[in-house]
Each structure stands twice: as structure tokens, then as C-alpha cells.
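> So the sequence lines, in the order shown, correspond to chains A and B. In this text, residue positions in the first sequence follow the numbering used here: the first is 21, and each later residue adds one. In this text, residue positions in the second sequence follow the numbering used here: the first is 11, and each later residue adds one. Cβ coordinates follow ideal geometry from the N, Cα and C atoms, glycine included. After the C-alpha cells below, expect a handful of questions from me.
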Amino acid sequence: MIVVNIFGYVMAYIGRVFLGLISEIGKMGIFLFNTLAYSVLPPYRWKPLLRQIWFQGYMSLIVIFMTGSFAGMVLALQFYHTLKQFGADSMLGPAVALSLIRELGPVFTALMVTGRAGSAITSEIGIMRISEQIDSLYVMALNPYKYVIVPNFLAAILCFPLLTALFDVIGIYGGYFVGVKLLGVSGELYFEQMKSIVNMEDIAMGFYKSLCFAIIVIWICCYKGFMVGTEFGGHGARAVSKATTDAVVMSSVTILIGDYIMGSFFI
Amino acid sequence: MMEKQILIEIRDVKKTLNGHAVLNGVNLTIYKGDLIAIVGASGGGKSVLMKNVIGLMKPDYGQIIIDGKNTVNMSHRQYLKIIERFGVLFQSGALFDSINVYENIAFPLRERTKLKEKDIKLKIEDVLASVGLKGMDNKYPAELSGGMRKRAALARAIVLNPDVVFFDEPTTGLDPILMNAIHGLIKENHHQYGYTGIIISHEIPKIFSVANKVAMLHDGLIIAYGTPEEIQNSENPHVRNFLYNQ
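Rendered as C-alpha cells:
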């Protein structure tokens, strides 16, 4: 009898978790649909959009510059010693460029922007939620998606690919500095081999990835913040901190899973 | 004497939150031009009732009829037309904390009207003077005291000349002097602008000198509704207990 009861409880628990998961996915789907719909429907709000471009894009430049340059330098250092064993150190340029353009550029940029801007977006929206600022938009007959979510969404779509491109370029020059200036690889070969091996498909792959990561990151971060203070997102300051942590962890994990899935499709 | 027009009719509204029945069939009729106070114990569902009326929550059952139209199953677009006529003063004030008082009050004017900047400025000066915050337009919400924040929030709530203004516990957390000042301001503004006011409060007996009608919410039901005198003389044991044993 006890075994049957325990089995019943376990099954009920699994059922609740499963239903919760389905419900969460459904709500996230509706949230994304609303965001996409309000992104294209007028009226358009330029001021909040410009503010978010400044916040997500311009304010991320230093982080992207630092991580991009050192990622390129580390790649050059590691590749050089491996390639040299096979006498292929002239392939350093393409190796660094392909790694950056196809994988590290989009992934690192997305992770950096998640840590810097995504967490701030979640906590800002969460605080707006618990201090009834979002409710006050509703009762002014104004759409919170238009003022709070859409500017973040459009800014991310614009900024992620640009920041990724910047990351790639800075990384390539970081690799050039270590490979050519410190380790003595031919500078001409570094760029010539790169030009002959890296093609438009590689660049397109990096671009598509960064676009997908932009949607994923901003979708998760905005959703988590937006749900704070509702019956699904908990209440108070603790709910804001939980939402922020959840948003960063979920975005980071999803970026890596998405990178693998997209990588396997493109290859 | 001309009969008063019904503005809001709440019919048998029920709402359950986290398995707990908060509203158990609320019935209430609010007439145009009234300044009504909904009183009751803290956590008794007053704010939930207000949120159902202003559309931030949907009742599980019942009807909320505003100007003859049931708003419960209205489309979002139709409902926007209704809430355009509302002004709400939230318990926390709900001012946008990253912009100053001027920008907070200008926000609904810029988004909802076609007024020119110079007219917006004049309107803001006017409304700030009416709530006693003249010269405070450059302050950020965090730089204001609790009472000043409520006044600024009130200014934003009434700046579009709404037909109905909801006040969600407007004096919670304020000292008695500020409480009297806010109550006086609500009464004065109601007289000046002529809106229908709905005050959620548990400030007994002070609220009796502000509102011209009082409804008492107990166990998710309106158990008494009438003029302040009628409520004060009510024989209902729950009303008497709430009024005299607080």
C-alpha cells in the first residue's frame, strides 16, 4: 500500500513538473509572438530604441574589445604550437579566422552581452514589474510591449551581429599580433591564406548564429523580467534576483545548445 | 432631483488566487461623480477588486459593467477605449524611477495627446501646482519623500482629466499629517475636476470625512454600502467590529 502511495506521489510530481514545463513553453511562445507582432505594428518608438542600442551596443564595446582581442591572441598561441608540429604554421590566419567567425565570435559575443546587458534588462524589467511601473503603463492605455520589450528586441537584433563582426575583426588582429609580431609567422601569409580559405558561407554562418542568439537572449531575459511579480514569477526582490540568475543561466546554456544545433546544420 | 447615472456595476464577481477565494461574489454599483471608499481589513481583497475593475486581473466569474458594457470578455482593443478614461494612483506611486517628475507627468500627455511641448509644460505646471508640488519638476522619484511621491503620482493620474480615478491605499505608510494632506488633496481635486473617485483604504475613521459613499468588503463580499453616516451607524457586527475594534 505504501509503495503504491509513493508511486502515486512520484507520478503526480512528475506530472506537475511536466505540466509546468508545457505551460512555461506556451507562455514563452505567446510572449515571443506578441513581441514579434508589436515589433512590426505601428506606432514605432524611436527614442527607447536608440537608448537600447546605446545600452546594448555602445556600452558593450569595451567588453567586446577586451574579450575579442584576448580570444584571438589565445587562439593564435594554441594553434601556432599545434600547426607548427605539422609544418603548417602558415595556416594560422585561416585557423584563427574560421574559429572566430564560425564559432567563437557569435558565442562569445552573445555570452558577453548576456552577462552585461541581458542581466541588467531582466532586473530592470523585473523591478518595473514589482514597483507597478508596468501596470501603470497598462492603465495609461499604453502597451508595455511597445515601451519595454520591443526596443530591447530590435536593439539586440541590430547590435548582436555588429558586435559579433567587431569581435571577429578584433580577434583576427589579436591573433595577428601574437602570431606575426610575437611568434614570427609571415604577416602576408596570415592574411593571404585567410582570404583564400574563409568564404562567404562562413561569414553568413556567423551572422545567422548571432541573429539567432540575439533573439534567444533577449527573448529569455525580457520574459524572465516580465514574469516577475506575476503568479508564475514569484514576488519581491528575491524574485528579481532569481529571474536575473535564471535568465543568465538559461540564456548561456541555450546559446551553447543552439550553437551546436546550428553548427551541425551548417556543416 | 435628477437621478444619478450608473458608471460602474460590479455583479457577482468571484476571484480565486493560489487556491484562496479572495472575492466571493462582489456586488457594487458606483454612480458618476461619487467619491467612494472601499474599506476593509488588510489582505481582504480590496486591491484585487480594484485590479479586476481596471483590467489588470480578470474575474473568474461575474460581470464588470462600465457605462453599460460588460468589460470582462472585451477584446484588448475595446478595453483600451474604456481604460483611456481611467487614472490610477497606485499604492507605491508607480512613478517611472529613471525619469524626473516632469517627464513622468509629460509621459501620458506625449503618448496619448497631440499637445505641443509648450502646452504640455503649461499643463504640467498647472497640475503640479494643484497637488502642491510647484518647482519639484526636476526631482527624481527617489529624491522625493513618501508624501511628495504620492502627490506626483496623483498629478500623473489626473493630468489627462480622467472620468474615473482609482486610489489604491493612497495614504499607506504616511504619517498622520501627510495622511490628512493627501486626503484633503483628493477631496479638493475631486471637487475641482469632477471625476468619479474610488479610494481603496483602511484608514478608519479618517476616510469618512473624505468619501461621500463607503463600501465595506469582508470575506470577499460587500457587507455594507452607504453614506459614511449609514456605515458608522450600521448594526452589522462585522462592520461594527471593523470600525470600533481596530
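1. Indicate whether tyrosine 210 (chain A) and glycine 113 (chain A) have their beta-carbon atoms separated by less than 8 Å.
2. Using a Cβ-Cβ cut-off of 7 Å (strictly less than) and excluding sequence neighbours within five positions of histidine 200 (chain B), which residues of its own chain qualify?
3. In its own chain, which residues sit with a C-beta less than 6 Å from the C-beta of phenylalanine 106 (chain B), not counting the 5 before and 5 after it?
4. What would DSSP say about alanine 51 (chain B), mapped onto helix, strand or coil?
5. The alpha helix (DSSP H) that contains serine 156 (chain A), what's its start and end?
6. Near valine 127 (chain A), what residues of its chain come up, given a Cβ to Cβ distance below 8 Å and the 5 sequence neighbours on each side ignored?
7. Among the residues of its own chain, which have a CB less than 6 Å from the CB of glycine 146 (chain A), if the five just before and after it don't count?
8. Would you say aspartate 77 (chain B) faces chain A, with C-beta separation under 8 Å as the test?
9. Please confirm if glutamine 18 (chain A) has its CB atom under 8 Å from at least one CB of chain B.
10. For leucine 162 (chain A), would you say it is in contact with chain B, using Cβ-to-Cβ distances shorter than 8 Å as the test?
11. May I have the straight-line CA-CA distance separating tyrosine 100 (chain A) from glycine 199 (chain A), to the nearest angstrom?
12. Chain B partners of serine 261 (chain A), CB-CB under 7 Å?
13. Looking at chain B, is there any beta carbon in it that lies within less than 8 Å of the beta carbon of tyrosine 158 (chain A)?
14. Is histidine 228 (chain B) buried or exposed, if buried means 16 or more other CB atoms sit within 10 Å of its CB?
15. Can you name the start and end residues of the beta strand (DSSP E) that alanine 191 (chain B) belongs to?
16. So, is the C-beta of alanine 191 (chain B) closer than 8 Å to a C-beta in chain A?
17. How would you list, in chain order, the residues of chain A whose beta-carbon sits under 9 Å from the beta-carbon of aspartate 107 (chain B)?
18. So is phenylalanine 100 (chain B) in contact with chain A if we call contact Cβ pairs under 8 Å?
19. Against proline 180 (chain B), what residues of chain A qualify as contacts under a CB-to-CB distance less than 9 Å, listed in chain order?
20. Any chance the region 64-72 of chain B sits against the region 213-225 of chain B, with 3 or more Cβ pairs inside 8 Å?
21. List the residues of chain A whose Cβ lies closer than 7 Å to the Cβ of phenylalanine 96 (chain B), in chain order.
22. State whether the region 41-61 of chain A contacts the region 164-171 of chain A, with contact taken as three or more CB pairs (one from each stretch) at a distance under 8 Å.
23. Tell me the residue span of the alpha helix (DSSP H) that contains threonine 102 (chain A).
24. Take leucine 10 (chain B) and list the residues in its own chain whose beta-carbon comes closer than 8 Å to its own, dropping the five residues that flank it on each side.
25. Would you mind telling me which residues of chain A sit closer than 8 Å to glutamate 121 (chain B), beta carbon to beta carbon, in chain order?
26. For tyrosine 71 (chain B) and isoleucine 241 (chain B), I'd like the C-alpha separation in whole angstroms.
27. At what residues does the alpha helix (DSSP H) containing tyrosine 89 (chain B) begin and finish?
28. Determine, for isoleucine 64 (chain B), whether the minimum Cβ-Cβ distance to residues of chain A falls below 8 Å.
29. Can you name the residues that DSSP bridges to tyrosine 71 (chain B)?
30. Kindly list, in the order they appear in chain A, the residues whose Cβ is closer than 7 Å to that of isoleucine 40 (chain B).
31. Short of 8 Å in beta carbon distance, which residues of its chain neighbour leucine 119 (chain B), apart from the five on each side in sequence? Order them along the chain.
32. How would you list, in chain order, the residues of chain A whose beta-carbon sits under 8 Å from the beta-carbon of leucine 90 (chain B)?
33. Taking the straight line between their C-alpha atoms, what separation do you get for arginine 258 (chain A) and arginine 149 (chain A)?
34. Between B:Ile233, B:Pro238 and B:Ile214, which has its C-alpha nearest tyrosine 254 (chain B)'s C-alpha?
35. Report back the beta-carbon spacing between tyrosine 41 (chain B) and isoleucine 76 (chain B) to the nearest angstrom; my notes put them in contact at under 8 Å.
36. Taking a contact to mean a Cβ-Cβ separation below 8 Å, would you say threonine 184 (chain A) touches methionine 132 (chain A) in this structure?
Looking at the coordinates:
1. Indexing the first sequence from 1 puts residue 210 (chain A) at position 190. Indexing the first sequence from 1 puts residue 113 (chain A) at position 93. A contact, by the Cβ cut-off of 8 Å.
2. Within the second sequence, residue 200 (chain B) is the residue found at index 190, counting from 1. Only residues of its own chain outside the window of five on either side were considered, and among them Leu45 and Gly207 have a CB closer than 7 Å to the CB of histidine 200 (chain B), listed in chain order.
3. Taking the second sequence and counting its residues from 1, one reaches residue 106 (chain B) at position 96. If the five residues before and after phenylalanine 106 (chain B) are omitted, its C-beta is found closer than 6 Å to the C-beta atoms of Asn114, all from its own chain and listed in chain order.
4. Numbered from its first residue, the second sequence carries residue 51 (chain B) at position 41. Coil at alanine 51 (chain B), not helix or strand.
5. Counting from 1 along the first sequence, the entry for residue 156 (chain A) is found at position 136. First-last of the alpha helix (DSSP H) with serine 156 (chain A): 153-159.
6. Locating residue 127 (chain A) in the first sequence gives position 107, where the first residue counts as 1. Cβ neighbours of valine 127 (chain A) beyond the five flanking positions: Lys229, Phe233, Ile275, Leu276 and Asp279.
7. Within the first sequence, residue 146 (chain A) is the residue found at index 126, counting from 1. Annotation for glycine 146 (chain A): Gly245, Val248, Val260 and Ala263 place their beta carbon closer than 6 Å to its own, counting only its chain and skipping 5 residues before and after.
8. For this step, residue 77 (chain B) is matched to residue 67 along the second sequence. Answer no: the Cβ-Cβ gap between aspartate 77 (chain B) and chain A never drops below 8 Å.
9. Residue 18 (chain A) lies beyond the stretch modelled for chain A, which goes from 21 to 287, so this question has no answer here.
10. Locating residue 162 (chain A) in the first sequence gives position 142, where the first residue counts as 1. Interface with chain B (8 Å Cβ-Cβ cutoff): leucine 162 (chain A) is included.
11. As a first step, residue 100 (chain A) is located in the first sequence; it is residue number 80 there, counting from the start. As a first step, residue 199 (chain A) is located in the first sequence; it is residue number 179 there, counting from the start. When rounded, the distance between both Cα atoms is 7 Å.
12. Locating residue 261 (chain A) in the first sequence gives position 241, counting from the first residue. Result: empty, since nearest Cβ-Cβ is about 18 Å, beyond 7 Å.
13. Translated into the one-based positions of the first sequence, residue 158 (chain A) becomes position 138. In terms of beta-carbon proximity, tyrosine 158 (chain A) lines the interface with chain B, with at least one pair separated by less than 8 Å.
14. For the purposes of this step, residue 228 (chain B) is identified with residue 218 of the second sequence, where counting begins at 1. The Cβ neighbour count for histidine 228 (chain B), taken over all protein chains shown within 10 Å, is at least 16; the residue is labelled buried.
15. Working through the second sequence from its first residue, we reach residue 191 (chain B) at position 181. Following the DSSP letters along the chain, one finds alanine 191 (chain B) in no beta strand (DSSP E) but inside the alpha helix (DSSP H) bounded by residues 186-203.
16. Along the second sequence, read from residue 1 onward, the residue named residue 191 (chain B) stands at position 181. Taking 8 Å as the CB threshold, alanine 191 (chain B) stays off the interface with chain A.
17. In the second sequence, residue 107 (chain B) corresponds to position 97, counting from 1. The contacting residues are Ile147, Met148, Ser151 and Gln153.
18. Locating residue 100 (chain B) in the second sequence gives position 90, where the first residue counts as 1. It does; some Cβ of chain A falls within 8 Å.
19. Numbered from 1 along the second sequence, position 170 holds the residue referred to as residue 180 (chain B). Chain A residues near proline 180 (chain B): none, gap ~13 Å exceeds 9 Å.
20. In this structure the region 64-72 of chain B does not lie against the region 213-225 of chain B, because fewer than three pairs of beta carbons, one per stretch, are closer than 8 Å.
21. As a position in the second sequence, residue 96 (chain B) is number 86, starting the count at 1. Within chain A, the residues near phenylalanine 96 (chain B) are Val159.
22. These segments touch.
23. Your numbering for residue 102 (chain A) matches position 82 in the first sequence. From DSSP, the alpha helix (DSSP H) with threonine 102 (chain A) extends over 81-105.
24. Past the edges of chain B, shown from 11 to 256, lies residue 10 (chain B), and the structure says nothing about it.
25. The count along the second sequence starts at 1 and reaches residue 121 (chain B) at position 111. Those within 8 Å of glutamate 121 (chain B) in chain A are Met160 and Leu162.
26. Taking the second sequence and counting its residues from 1, one reaches residue 71 (chain B) at position 61. Taking the second sequence and counting its residues from 1, one reaches residue 241 (chain B) at position 231. Cα-Cα distance, rounded: 28 Å.
27. By one-based count along the second sequence, residue 89 (chain B) stands at place 79. 86-93 is the span of the alpha helix (DSSP H), which, as asked, contains tyrosine 89 (chain B).
28. Start at 1 with the first residue of the second sequence, and residue 64 (chain B) comes out as number 54. The beta carbon of isoleucine 64 (chain B) sits closer than 8 Å to some beta carbon of chain A.
29. By one-based count along the second sequence, residue 71 (chain B) stands at place 61. In the DSSP assignment, tyrosine 71 (chain B) is bridged to B:Lys24.
30. Numbered from its first residue, the second sequence carries residue 40 (chain B) at position 30. Those do not exist, as isoleucine 40 (chain B) stays about 17 Å from chain A at its closest Cβ, beyond 7 Å.
31. Sequence index remark: in the second sequence, residue 119 (chain B) carries index 109 (1-based). Answer for leucine 119 (chain B): Leu125, Ile130, Lys133, Ile134, Val169 and Leu170, listed in chain order.
32. Taking the second sequence and counting its residues from 1, the one referred to as residue 90 (chain B) is at position 80. Under the 8 Å cutoff, chain A gives Ala161.
33. Position 238 of the first sequence holds residue 258 (chain A). Position 129 of the first sequence holds residue 149 (chain A). Whole-angstrom Cα-Cα distance: 13 Å.
34. On the second sequence, position 244 is the one that residue 254 (chain B) refers to. Comparing Cα positions, the closest option is B:Ile214.
35. The residue given as residue 41 (chain B) occupies position 31 in the second sequence. The residue given as residue 76 (chain B) occupies position 66 in the second sequence. Contact flag wrong, Cβ pair sits at about 13 Å.
36. Along the first sequence, one-based indexing puts residue 184 (chain A) at 164. Along the first sequence, one-based indexing puts residue 132 (chain A) at 112. In this structure, threonine 184 (chain A) keeps its C-beta atom at 8 Å or more from the C-beta atom of methionine 132 (chain A).
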